[in-house]
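When we follow full-length UniProt numbering, the leftmost residue of the sequence shown carries the number 1, and every step to the right adds one.
The C-beta atom is built at its ideal place from N, Cα and C for all residues, glycine as well.
Note that this is a predicted model, so its numbers are computed, not measured.
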Amino acid sequence: MIELIDVSFGFEEKIVLKDINLKIEKGELCTIVGPNGSGKSTLVHVITGIYKPYKGIVKLFGREDYREQRRKISFVPQKVSSFNQLFPISVKETVLLGLVPQKGFFKRFNKEDFKKADDILKKLDLYETKDKQLGKLSGGQQQRVFIARALISEPEILILDEPTVGIDSKSEEILYNLLLEQKNNNTTIVMVTHDIFAIKDYADKVVCMKDGEILTIFGAKEFSAKKYKQIYLTD
């Protein structure tokens, strides 16, 4: 579903990613870990097409030109709550915006769309907030709203960059349960995270990065917090 072949990327003279080779199969939950500055967020920006590599090949859905499939990809970036908190948009309206890439900007939402929004808000324990202004919610609730917006379009590829940063334990548990549900529905998931203790319970593949390179890739049963420490704390 996702394949990177000898991919390198940088800003001007600074190299951020070096010769990345990675393959993620359909329905896998792949986590990307590593210290700050290791290139994790840049990697997911390359996968989504936000950044274009200066070397190498990026394939999604088995092809290099995947423009027609972009509506099948949802991305939740870091710090999704860094928007104008006073902007008068409700929780439900925010979630419905996730359907715009499929419907277009000028089509009205219908009953089925509203039901989809209600259903995903219920799954994320946000239904009672649906009419509230988004900026009035807590950081953890806002994070869940943006995840709901990403999921309403029923993407085939879901990419999340540090989705558990700044959220409470309840929101974290809801998120992981929902990711497992999506995985069981054959959604391909890529998640940047520092939550190494939860990884072994959810991920199929753990990609360990440092200084813009992939150090190693573990299968789910191979990875442990002990191995993580051996990789990153032995320098």
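What does a CB cutoff of less than 6 angstroms around V95 pick up in its chain, not counting 5 residues either side in sequence?
A117, A148, R149, I152
Just the C-alpha distance for T42 and E12, rounded to the nearest angstrom, thanks.
14 angstroms
Put V33 into one of helix, strand or coil per three-state DSSP.
Per DSSP, reduced to three states, the secondary structure at V33 is strand.
Looking at the structure shown, is L175 part of a helix, part of a strand, or coil, going by DSSP?
helix
DSSP state of F109, grouped into three classes?
coil
Report the start-end ranges of each alpha helix (DSSP H) in the stretch 186–210 that is 4 residues or longer and not cut off at the edges.
Taking only runs of at least 4 residues, the alpha helix (DSSP H) segments lying wholly in the stretch 186–210 are 196–202.
How about V46 and P53: are their beta carbons less than 7 angstroms apart?
yes
Would you kindly report the start and end of the unbroken beta strand (DSSP E) that includes I217?
213–219
Can you find the residues in the same chain that come closer than 8 angstroms, C-beta to C-beta, to S8, ignoring five residues on each side of it along the sequence?
Closer than 8 angstroms at Cβ, skipping near neighbours: I15, L17, K18, D19, I20, P53, Y54, K55, G56.
Relative to the C-alpha of L124, which candidate in Q142, I174, N110 has its C-alpha closest?
Nearest C-alpha to L124: I174.
Using 8 angstroms as the Cβ pair cut-off and three pairs as the minimum, do the stretch 178–198 and the stretch 155–164 touch?
yes
Nearest CA to the CA of Q143: which residue from V165, T216, L99?
V165
Whose C-beta lies closer than 7 angstroms to the C-beta of E28 among residues of the same chain, with five residues either side of it excluded?
T188, D204, K205
In this structure, how does DSSP classify Q78 when only helix, strand and coil are distinguished?
coil
If you draw a straight line from the alpha carbon of I5 to that of M209, how long is it in whole angstroms?
Just so you know, the alpha carbons of I5 and M209 end up roughly 16 angstroms apart.
For I89, which option in S38, F218, D195, G135 has the closest C-alpha, if you only look at C-alpha atoms?
G135
One question on the structure: do V76 and P155 come within less than 7 angstroms of each other, judged by their Cβ atoms?
The answer is no: Cβ separation not under 7 angstroms.
Kindly list the residues whose CB is nearer than 6 angstroms to the CB of S38, restricted to its own chain and excluding five residues on each side of it in sequence; keep chain order.
M209, K210
What's the call for Q230, buried or exposed, on a 16-neighbour Cβ count within 10 Å?
exposed
Counting only the same chain and skipping the five closest in sequence on each side, list residues whose C-beta sits under 8 angstroms from that of I120.
V95, A148, L151, I152
Please report how far the alpha carbon of K92 lies from the alpha carbon of F114, in whole angstroms.
Each residue's alpha carbon lies about 8 angstroms from the other.
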